[in-house]
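K.L.:
Throughout the sequence shown, residue numbering follows the numbering used here, covering 805 to 1114 in sequence.
Here you go, one structure.
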Amino acid sequence: MQTARDALTPDALAMLQTIADTGSFAAAARALNLVPSALTYRVRQIEDALDVLLFDRSSRQARMTEAGAELLREGGRLLQDIDAVANRVKRVATGWEPQLTVAADGLMARPVLMELACAFFQLEPPTRLRIRDETLSGTLQALTSGQADLALGVSPGPGTAAGLHSQPMGSVGFVFAVAPHHPLAAGDGVLDDDDLRSHRAVAVADSVQRGSGVTVSLLGGQDVFTVPTMQAKLDAQLRGLGGGFLPEPMARPYIETGRLVVRRVARAPLVAHPRYVWRSGDRPGRALQWWLDQLQSPVTRRALLEQHHH
């Protein structure tokens, strides 16, 4: 009889996944180009080797048992690990990563990111590029959790140093802005916390996956409308759904055309000092190195902070 190790090959795990996906042995056999009896025999061999039932035979559908579902969950991880090893070997051979993920905070100008992506693709690299939208502490967490290779727009804070390289991008001032039809638009005095507290604030949700994340400039007892991205925050404020601090370069064209009104506030002006961060363990692959080379240019860094509009 086969041992569990003999039975649990990548092919066997992929076959079980196909049965689960197609919902029946007959459909899976067609998809895998096997006769149904051969498929059934293979499943039975795996069940015998593990001494468990993987499929509930009492229904017409191929319904997984709890044990079967657990095997697929863990097996899926094993297959990913095998792919990761293969990718790593390939990267070592060519110097190019199979995939590069860039986590970009809402402060980063999306048009400039797209221009950088365009220049990157002109190299015709074998690397697949992925850009993640992140906010506040979620930007750094995407990097530290291994979901991103480069994080743009990380706010400096404790705990950013271990095993990470980081470089400053510059600084971005924020302005408190509301739509012209918002109650706070009228007047030219300085708004104190009580003035702000009596009106709804628009806030961007922290994209951190676990924990409470961070909030910026919200007052206790204030009504808050929370949106997922900085672009959505701008949109909400243009519609008069609340007030709040916006990066000045992002708000500038709307201020110039009168679609947003800036009010002075008593609290200290907000200034962000975003950084770009990458892991320091391995030597950067060629794709990451290309992005790091672009970021060495002060013009590129400034454009990422300021050129939010074409």
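No residue lacks a Cβ here, since even glycine has one placed at the ideal position from N, Cα and C.
How long is the line joining the alpha carbons of T813 and R848, rounded to whole angstroms?
P.N.:
Mapped onto the sequence shown, residue 813 falls at position 9. Mapped onto the sequence shown, residue 848 falls at position 44. Roughly 14 angstroms separates the two Cα atoms.
K.L.:
Among residues of its own chain, excluding the 5 on either side of R936, which ones have a beta-carbon nearer than 8 angstroms to its beta-carbon?
P.N.:
Taking the first residue of the sequence shown as 1, we reach residue 936 at position 132. Here the set comprises T905, V906, A907, A908, A946, Q951 and A952.
K.L.:
Taking A983 and R1079 to be in contact with their CB atoms under 8 angstroms, please state how far apart those CB atoms are, rounded to whole angstroms.
P.N.:
Mapped onto the sequence shown, residue 983 falls at position 179. Mapped onto the sequence shown, residue 1079 falls at position 275. Going by Cβ atoms, the distance from A983 to R1079 rounds to 32 angstroms, so no, they are not a contact pair.
K.L.:
Check each candidate in R1068, Q1093 and D998 and name the one with the smallest Cα separation from V1081.
P.N.:
To locate residue 1081, count along the sequence shown from 1; it is residue 277. The shortest C-alpha separation from V1081 is found at Q1093.
K.L.:
Are the beta-carbon atoms of L1096 and G974 separated by less than 8 angstroms?
P.N.:
In the sequence shown, the residue the question calls residue 1096 occupies position 292. In the sequence shown, the residue the question calls residue 974 occupies position 170. Taking 8 angstroms as the Cβ cut-off, L1096 and G974 do not qualify as a contacting pair.
K.L.:
Could you please give the first and the last residue of the uninterrupted alpha helix (DSSP H) stretch that includes P1078?
P.N.:
As a position in the sequence shown, residue 1078 is number 274, starting the count at 1. Careful: P1078 lies outside any alpha helix (DSSP H) and carries neither H nor E.
K.L.:
Who does V1031 pair with in a DSSP beta bridge?
P.N.:
Locating residue 1031 in the sequence shown gives position 227, counting from the first residue. V1008, per the DSSP bridge assignment.
K.L.:
Just the Cα atoms here: how many angstroms apart are Q1111 and A1091?
P.N.:
As a working note, residue 1111 is residue 307 in the sequence shown. As a working note, residue 1091 is residue 287 in the sequence shown. Approximately 24 angstroms between the Cα atoms of the pair.
K.L.:
Consult DSSP for R936 and reduce its assignment to one of helix, strand or coil.
P.N.:
Translated into positions along the sequence shown, residue 936 becomes position 132. It is a strand residue.
K.L.:
On the CB-based measure, 16 or more other CB atoms within 10 Å of its CB, does I886 come out buried or exposed?
P.N.:
The sequence position of residue 886 within the sequence shown is 82, counting from 1. Its Cβ having fewer than 16 others within 10 Å, I886 is exposed.
K.L.:
So, with DSSP's three-state summary, where would you put Q903?
P.N.:
Counted from its first residue, the sequence shown places residue 903 at position 99. Strand.
K.L.:
May I ask you to list the residues that DSSP assigns as paired with L1050?
P.N.:
Numbered from 1 along the sequence shown, position 246 holds the residue referred to as residue 1050. DSSP output for L1050 lists V979 as bridge partner(s).
K.L.:
Identify the residues that DSSP records as bridge partners of M868: which are they?
P.N.:
Position 64 of the sequence shown, counted from the start, is the residue given in the question as residue 868. Note: M868 sits in a beta bridge opposite F859.
K.L.:
Could you check the C-alpha separation between E870 and S863 for me, to the nearest Å?
P.N.:
Counting from 1 along the sequence shown, the entry for residue 870 is found at position 66. Counting from 1 along the sequence shown, the entry for residue 863 is found at position 59. Roughly 15 angstroms separates the two Cα atoms.
K.L.:
Enumerate in chain order the residues of its own chain whose CB-to-CB distance from D999 is below 8 angstroms, with the five nearest sequence positions on each side excluded.
P.N.:
What you label residue 999 is simply residue 195 of the sequence shown in a count that begins at 1. If we look at D999 and ignore the five residues flanking it on each side, its Cβ neighbours are L988.
K.L.:
Hey, quick one: how far does the alpha helix (DSSP H) through S841 stretch, first residue to last?
P.N.:
In the sequence shown, the residue the question calls residue 841 occupies position 37. Per DSSP, S841 belongs to the alpha helix (DSSP H) from P840 to L854.
K.L.:
Any idea if F925 is buried or exposed, counting beta-carbon neighbours within 10 angstroms, 16 or more meaning buried?
P.N.:
The residue labelled residue 925 in the question sits at position 121 within the sequence shown. Flag for F925 reads exposed.
K.L.:
What residues in its chain sit with their C-beta under 7 angstroms from that of D860, if we drop five residues either side in the sequence?
P.N.:
Here residue 860 refers to the residue found at position 56 when the sequence shown is read from its first residue. So the list reads R867 and T869, once near-sequence residues are dropped.
K.L.:
In this structure, how does DSSP classify P972 when only helix, strand and coil are distinguished?
P.N.:
Stepping through the sequence shown from its first residue, residue 972 is reached at position 168. P972 falls in the strand class under three-state DSSP.
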